[in-house]
Amino acid sequence: MKIEPGTHCPLLDKECIQFKCVLWTQLRGTHPQTGQEVDEYSCAIAWLPMLLIENAKEVKQGAAATESFRNVMLELNKGTPPEVIEDRAMRRAIKDGS
């Protein structure tokens, strides 16, 4: 059973004027919850819940990628501090010895 939204515009307080309204927008893409292709016109305000879900999904994926990159960098940098300290000590010894 598909529930159809009403056509009452809360901004105009009357029936939606669709293509005459600047908020009447075409949206193309994939629905974030169902995975179905979306290619339809509707009010931009009505699109907000779906767009917010998609935005949250993208932010979550970006955060996961950042954390993964951080973990890789931590692994790569594990041996660096002692090497840097040793290098600095050698440079000081060479400088003081000459």
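Position one of the sequence shown corresponds to residue 2 (the working numbering), numbered consecutively onward. Beta carbons are placed, not taken as given, at the ideal position from N, Cα and C, and that holds for glycine.
Residue(s) in a DSSP beta bridge with residue i
i: Cys10; result: Lys15
i: Asp40; result: Arg29
Continuous alpha helix (DSSP H) stretch holding residue i: start and end
i: Gln62; result: Ala45 to Leu77
Range of the contiguous beta strand (DSSP E) that encloses residue i
i: Thr31; result: Trp25 to Thr31
Check whether residue i and residue j have beta carbons under 8 Å apart
i: Pro33; j: Lys15; result: no
i: Thr8; j: Cys17; result: yes
Checklist entry - Quick one: any contact between the segment 72-89 and the segment 41-52, if contact means 3 or more CB pairs under 8 Å? => result no
Checklist entry - Do the segment 39-48 and the segment 14-31 meet, that is, are 3 or more Cβ pairs less than 8 Å apart? => result yes
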